[in-house]
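Numbering (full-length UniProt numbering), first residue to last: 1 to 182.
C-beta: ideal position from N, C-alpha, C; glycine also.
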């Protein structure tokens, strides 16, 4: 009986307190799921952020395509029926962190198109990213920005977490920018 009591005491002194420590550990935030706290100060800041979003999107797309190719082999894609392929495609995209992050950075590009519009309604410029990708940043109005949001929220490849984050991005992006007042 003493041995049993001693064993229980050992467990309660070592295992149970460590469970509390683990459960109190704060969740580490993912840097790709951020929302800025301030509005862009100028066009150059928006250009920089747009180029970063293009590069991040490209990086995540490359990773997602590699994972998708491996997944297709694993599930014997060519021998699946069309409806089974559709289900697998949606399931993969919902579960692929890289795909979801790519979708987030695509929406950031749309956000920056509206943020540019707040500074200069006629802005259009071809930019080259640090990775050498050429993309045109063009000012888009509020109606177009809202349309982009609607498309993103209807996209069957976006999971709920991504849709919620995109809504937050939109809410930040649609805010009036006091730095853009002329």
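- Residue nearest to residue 114 within the set 174, 72, 136, 48 is 174 (criterion: CA-CA distance).
- Residue 105 is classed as buried because its beta carbon has at least 16 other beta carbons within 10 Å across all chains shown.
- Around the beta carbon of residue 57, a 10 Å sphere encloses 16 or more other beta carbons of the protein chains shown; the residue is thus reported as buried.
- Residues of the same chain with a CB within less than 8 angstroms of the CB of residue 141, apart from the 5 flanking positions on each side, are 114, 117, 121 in chain order.
- Taking the Cα of residue 124 as reference, the smallest distance to any Cα among 40, 35, 52, 44 is reached at 44.
- The alpha helix (DSSP H) runs of length 4 or more contained entirely in the region 32-89 are, from start to end of the chain, 43-74.
- With a contact defined as Cβ atoms closer than 8 angstroms, residue 137 and residue 47 qualify at about 6 angstroms.
- Bounds of the alpha helix (DSSP H) holding residue 142 are 142-154.
- Per DSSP, the unbroken beta strand (DSSP E) holding residue 136 starts and ends at 134-138.
- Residue 98 sits in a helix when the DSSP states are folded into three classes.
- The C-alpha of residue 181 is placed about 34 angstroms away from the C-alpha of residue 155.
- Non-local C-beta neighbours of residue 64 in its own chain, meaning closer than 7 angstroms and more than five positions away in sequence, comprise 96, 98, 99, 102, ordered along the chain.
- Between residue 135 and residue 76, the alpha-carbon positions lie close to 36 angstroms from each other.
- Taking the Cα positions, residue 110 is about 31 angstroms away from residue 72.
- By the CB criterion at 8 angstroms, residue 62 and residue 133 fall outside the cutoff.
- A residue is called buried once 16 or more other Cβ atoms fall within 10 Å of its Cβ, and residue 139 is buried on that count.
- Between residue 49 and the set 112, 151, 146, 153, the nearest pair of CA atoms involves 112.
- A direct Cα-to-Cα measurement between residue 85 and residue 41 gives close to 46 angstroms.
- Counting every other CB atom within 10 Å of its CB across the protein chains shown gives residue 93 a total of 16 or more, marking it as buried.
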